[in-house]
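A quick write-up on the structure given underneath.
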Amino acid sequence: MIEVKNLSVDLGDFLLKDITFDVKQGEYYIILGPTGAGKTVLLESIAGLHPIRKGEIWLNGKEITNLEPERRGIGVVYQDYVLFPHLSVKENIVFGLRLKGQPKREIEATLNWLVELLNIPHLLQRKPGTLSGGESQKVALARALSVKPAVLLLDEPLSALDPGAREDIQHELRRIHNRLNITAIQVTHDFEEAVALGHRIAVIGEGRIMQIGTSEQIFRQPNSEFVARFAMSRNIFSGEVRDGDEECAVINIGDVEVAAVTDLRGELHASLRPEDILISTEPLKSSARNCLHGVISRIDDRGSTLLLTVTVPPEFICLVTRHSFEEMGLTEWKEVYMTFKASAVHIF
Amino acid sequence: MSHGVLSVRRVSANKMTITFALLALVIMLFVFLPLAKTIFSSSPTMLFDSLLDDKVRGAIWLSLYTALLATVVGAIFGIPLAYILARFDFPGKRTVEGLIDVPIVIPHTAAGIALLFVFGRNFLAGKAFNLIGINFVDSVAGIVIAMLFVSIPFLIDSAKEGFKAVDVRLEKVSRTLGASPWQTFFRISLPLAWRSILAGNVMMWARGISEFGAVMILAYHPMVASILVADRFEEYGLDYARPVAALLILVCLVIFIGLRAFAYRGEKT
């Protein structure tokens, strides 16, 4: 268990102040916030790599606020891997083990365990410069896990990867977390990533923590304009994905089934951009696979555009221009149809 | 239309390239001609004869090892300073960086005088060192500190750039993996900055060997090679100075080229 109490960190231009949160043993904790919110510095402060102004950090009942990073047992994985370029993959992974002066047999055993865990036996003799992004991040993970840290800190570990590798590493992270039951804190600016991986999410912005809760709580009951903007910019649902007809998959959400294009199956999440939903007062004839019938339950005026909340249930957030809004004569409690393509539904 | 603009540009770029190449040729000749002429106008027998001269051999050897000593001392004290300058921000950092480079811009005879005022027999550091039997006037120790003073900026600047190029997060990761600051320095920072540090050491050594002004003020004797060249020229004239000069140039070239090849081995250009 790790507790951060009233932490204040200097970021040069501004201050990260009164950061308080606690992460339970084995929890996957997400710190979600926009770029430049000081997320990396917050992680580095927890690891002892960045000086803090005031506050305390406790790990498993012991205060570690002023402990040197090498004594904390907190591992770090950065967005862009930060592998030691002069060492081979194998030397990178065993770096921490060699420092501990472990006997060769034990080092070999740990190395084999990590290589098997991440499935990277073919990379061992390579130099970091020759690896792909996904491979590099696996090596960085293996290196961080080698010293069996009490807490693993992940700084946007998926952000530098191309989409394929992203999915792969996200899957690895979830698998490794389930298998090792390690306490993990990950920072990200990506709401989908947060929903897919995190048990709980802390939304950070304007120099402080804005809200802490499950993804459902953050999404359904944002406590501020800031959180709402950050979380509600997308429709996010969870449900079971199974085979549909004609090569499409379907996901059950609320009372409806939505068609999506994906190879994934099982209990997953779906996201849909508000601007990808077409609003009409009559059912549309089009090639789009999804056409849902609902009632406008809320209207948010944003000037030239408006955000409509359409309840089916569940609730969908849709974006319309002022022009079409007025042309269709939309009002609250009016019945509308929502049309969107199966390919606009992102399953993750 | 846009194609026309492009082709005009290309022509003028070509003219520029030719002009630059011609100007470059002039400065290259300016550097190479005197060196080549000095080396080739002394016949091999003359070079061999001066190599047999104990005084010449002794002076070249003295130059090589006093400059090496200065480099070793410079590395021990200069590399930590370079690391601090690369990694930390503190008030007055700019001033420190400026001061480090002062020896490059002042006349080296003036540097020698300045050194004499601290390390001379009747001055502060001179007296202190005298107690442990080290005397800086007309001695090997004097040559070493003269070379150290005028050539240390090359080492510090080069090492500083080397450390700056090492991502500080590599050091951070090393710490989280259990490495102490010392272990991190010797296993991560130093190996990764090694090329720049070596280049700085080579530059410092070469600069030390070629030093004349400051050494002349502090320690005319024992004679290092650069002073011997000047001494022969003053006493006997050009013909006597030339073989010694040629030898000194040759020795420096061999060392310099050799070390560069070693430092950049395996690197694609």
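For the protein sequence lines, the chains are B and P, in the order given.
First residue of the first sequence? That's 25 in the working numbering, and the numbers climb one at a time after it.
First residue of the second sequence? That's 2 in the working numbering, and the numbers climb one at a time after it.
Note that CB positions come from ideal geometry on N, CA and C, so glycine has one too.
8 Å Cβ shell around residue i - same chain, five flanking residues per side excluded
i	result
Leu-125/P	Val-119
Gly-113/P	Ala-147, Gly-214, Ala-215, Val-216, Met-217, Ile-218, Leu-219
Glu-281/B	Gly-268, Val-274, Ile-275
Residue of the options minimising C-alpha distance to residue i
i	options	result
Gly-99/P	Ile-135/P, Ile-144/P, Ile-157/P	Ile-157/P
Leu-330/B	Leu-155/B, Thr-212/B, Glu-299/B, Leu-123/B	Glu-299/B
Leu-256/P	Gly-238/P, His-222/P, Ala-200/P, Leu-239/P	It should be pointed out that residue 256/P corresponds to Ile in this sequence rather than to Leu. Closest by alpha carbon: Ala-200/P.
Ala-312/B	Ile-320/B, Val-334/B, Cys-272/B, Asn-247/B	Cys-272/B
Arg-266/P	Val-174/P, Ile-250/P, Arg-196/P, Thr-185/P	Arg-196/P
Leu-142/B	Lys-151/B, Val-113/B, Glu-249/B, Lys-124/B	Val-113/B
Ile-88/B	Gln-210/B, Arg-77/B, Lys-128/B, Gly-72/B	Gly-72/B
Phe-108/B	Arg-176/P, Leu-254/P, Ile-210/P, Asn-123/P	Arg-176/P
Arg-326/B	Glu-264/B, Arg-253/B, Glu-351/B	Arg-253/B
Ser-328/B	Glu-350/B, Pro-307/B, Met-234/B	Glu-350/B
Ile-77/P	Asn-202/P, Leu-24/P, Ile-28/P	Asn-202/P
Pro-182/P	Tyr-361/B, Glu-51/B, Leu-123/B	Leu-123/B
Ile-70/B	Lys-128/B, Gln-161/B, Gln-49/B, Pro-93/B	Pro-93/B
Phe-2/B	Asn-123/P, Val-174/P, Ala-226/P, Asn-136/P	There is no way to answer for residue 2/B, as the model of chain B reaches only from 25 to 372.
Cys-315/B	Leu-91/B, Glu-306/B, Asn-247/B	Glu-306/B
Own chain partners of residue i with C-beta closer than 6 Å, once the 5 adjacent residues on each side are dropped
i	result
Val-57/P	Ser-51, Val-245
Ser-367/B	Val-285
Ser-42/P	none
Gly-75/P	Leu-149, Ile-153, Leu-156, Met-205
His-222/P	Asp-139
Glu-339/B	Thr-333
Glu-319/P	Any property of residue 319/P remains undetermined from this structure, which presents chain P solely from 2 to 270.
Gln-245/B	none
Leu-308/B	Thr-363
CA-to-CA distance, residue j to residue i, given in whole angstroms
i	j	result
Glu-216/B	Ile-55/B	13 Å
Leu-7/P	Lys-16/P	Confidence at Leu-7/P is low in this model, with a pLDDT of 49, below 50, so its placement is unreliable and no value can be given for it.
Ala-129/P	Leu-65/P	27 Å
Ile-198/P	Glu-130/B	36 Å
Leu-121/B	Met-204/P	38 Å
Gly-259/P	Trp-206/P	13 Å
Gln-126/B	Ser-170/B	12 Å
Ala-60/P	Thr-46/P	19 Å
Val-251/B	Phe-45/B	17 Å
Gly-153/B	Leu-171/P	14 Å
Val-97/P	His-370/B	56 Å
Val-336/B	Val-47/B	36 Å
Leu-70/P	Arg-208/P	13 Å
Ser-304/B	Asp-267/B	28 Å
Phe-38/B	Ser-348/B	42 Å
His-110/B	Ile-81/B	34 Å
Ile-236/B	Ile-301/B	30 Å
Leu-374/B	Gly-263/B	This structure leaves residue 374/B out entirely; chain B is present only between 25 and 372.
Gly-93/P	Asp-102/P	15 Å
Pro-75/B	Asp-90/P	14 Å
Ala-218/B	Val-106/P	57 Å
His-223/B	Arg-346/B	38 Å
Arg-173/B	Ala-226/P	At residue 173/B the sequence reads Pro, which differs from the Arg that was named. If you take the alpha carbons of Pro-173/B and Ala-226/P, they lie about 60 Å apart.
Cys-26/B	Gly-97/B	Checking the displayed sequence, the identity of residue 26/B turns out to be Ile instead of Cys. For Ile-26/B and Gly-97/B, the distance between alpha carbons rounds to 12 Å.
Per DSSP, cross-strand counterpart(s) of residue i
i	result
Val-28/B	Phe-45/B, Ile-81/B
Val-227/B	Leu-56/B, Gln-235/B
Leu-331/B	Asp-324/B, Leu-343/B
Phe-21/P	Bridge partners of Phe-21/P: none, in fact.
Ile-275/B	Val-265/B, Val-282/B
Lys-86/B	Leu-83/B
Spatial neighbours of residue i in its chain, beta-carbon cut-off 7 Å, leaving aside the 5 residues before and after
i	result
Phe-164/P	Ala-83, Tyr-84, Ala-87, Arg-88, Ser-190, Ala-194
Lys-41/B	Ser-32, Gly-231, Arg-232
Ala-242/P	Val-230, Arg-233, Phe-234
Leu-116/P	Ile-146, Ala-147, Phe-150, Ala-215, Leu-219
Lys-269/P	Residue confidence for Lys-269/P is low, a pLDDT of 45 falling below 50, so the modelled location carries little weight and cannot support an answer.
Leu-35/B	Gly-62, Val-65
Asp-324/B	Leu-330, Leu-331
Thr-18/P	none
Cutoff 8 Å: residue i Cβ touching any chain D Cβ
i	result
Ser-211/P	Of the protein chains in this structure, namely B and P, none is chain D.
Cβ separation of residue i and residue j, assumed to be a contact under 8 Å, to the nearest whole Å
i	j	result
Ala-168/B	Val-100/B	6 Å
Ser-295/B	Asn-259/B	6 Å
Tyr-102/B	Asp-179/B	5 Å
Ile-250/P	Leu-36/P	6 Å
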